[in-house]
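Below is one structure, written out as structure tokens, with a few remarks after it.
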Amino acid sequence: MDGPGGWANKWRSGLKLHLNIVDDHNIVFMKFDSFFVKTNAGIVDYAKFVVKTFLDFIRHRKTEKVLNLSDWMDDYPDMVVEYLQQPRLKRELWNELQKQIDVHKPDIIYAHSLGSIMCYEYFLLRENKDKYKNLTLVTAGSQLGSKLMSAHTTFPIAQLPIRKWYNLNNDNDLVFASRDILAQHPNFKQVETSFDDDGPANHDGFKYLNHPRAVSEVWETF
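According to the working numbering, the stretch in the sequence shown is residues 467 to 688, in order.
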């Protein structure tokens, strides 16, 4: 779950392979970039966010990795900040998620980065208590492991009212997502999928889903 770009075909091919899916139509992406077109996190949003929050990326980023900081801000922190600081945007995204689930009736949702926060908060809504008992959520590159998220969402991490929740964690992820999600719920499983690639942030959703441990401990269980 993310705004599909050039990586969408890689995600689709990986999921088809690991889940033995033949029909492309059985894999659907929720496109949500358009919801952020009218929003642009400004200094006030960031001030509010940073007062509560973390921003340890600058301290831990590997200096030998080259990136366009402006593009990186648009793709990662901006969207997270906008989502967490703008209740109306949050509700619009939840409504879109509900619509997609109602239409496609998925057995599995793969949610990367901001998608993991969105799904976590959506499934915890009171009206969803008994709606998704047969659904499995697989999150990756999630910021929910940071204790500093406690200022922004339900924390400690609550048990989701779904069939199973797997979280793929990479302790080298530099988009605030290197921390394990510390939860002991019976339907939750943490899977360590460590990698260090040539990208600027070790945050590639395909590298997560294609990791050998993701294959053996998650995808092969279906």
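Glycine is no exception: its CB is placed at the ideal position from the N, C-alpha and C atoms.
Residue environment analysis places residue 680 among the buried positions, since at least 16 neighbouring C-beta atoms fall within 10 angstroms of its C-beta. With respect to residue 640, residue 677 sits apart: the two C-beta atoms are not nearer than 8 Å. Assigned with DSSP and collapsed to three states, residue 643 falls in coil, not helix or strand. Of the residues 577, 654, 673, 614, the one whose Cα lies closest to the Cα of residue 663 is 673.
Going by C-alpha positions, residue 635 is about 24 Å away from residue 499. Taking residue 621 as the centre and dropping the five residues before and after it, the same chain places the C-beta of 613, 615 closer than 8 Å to its C-beta, in chain order. When DSSP assignments are scanned along the region 599-652, the uninterrupted stretches of beta strand (DSSP E) that are 3 or more residues long and fall wholly within it turn out to be 602-606, 630-635.
A check of alpha carbon separations from residue 686 across 490, 484, 476 identifies 484 as the nearest.
Straight across, the Cα-Cα distance linking residue 561 with residue 479 is about 28 Å.
Contact between residue 575 and residue 585 holds, with the beta-carbon distance rounding to 6 Å and staying under 8 Å. Non-local C-beta neighbours of residue 660 in its own chain, meaning closer than 7 Å and more than five positions away in sequence, comprise 636, 637, 638, ordered along the chain. Looking only at 493, 643, 675, the smallest Cα-Cα distance to residue 570 is reached by 493. According to the DSSP assignment, residue 578 belongs to the beta strand (DSSP E) that extends over 574-578. By the beta-carbon neighbour count (other beta carbons within 10 angstroms, threshold 16), residue 551 is buried. The residue among 675, 688, 601 with its C-alpha nearest the C-alpha of residue 631 is 601.
DSSP, read as helix, strand or coil, puts residue 688 in coil.
Secondary structure note for residue 571: it is in no alpha helix (DSSP H), with a DSSP letter that is neither H nor E. Exclusion of the five residues before and after residue 667 leaves 640, 641 as the residues of its chain whose Cβ lies within less than 6 Å of its Cβ. For residue 655, the uninterrupted beta strand (DSSP E) segment begins and ends at 654-658. In this structure residue 650 is exposed. Its beta-carbon is surrounded by fewer than 16 other beta-carbon atoms within 10 angstroms. Residue 653 and residue 628 do touch by the CB rule: their CB atoms are close to 7 Å apart, below 8 Å.
In the structure shown, residue 493 falls within a coil segment according to DSSP collapsed to helix, strand and coil.
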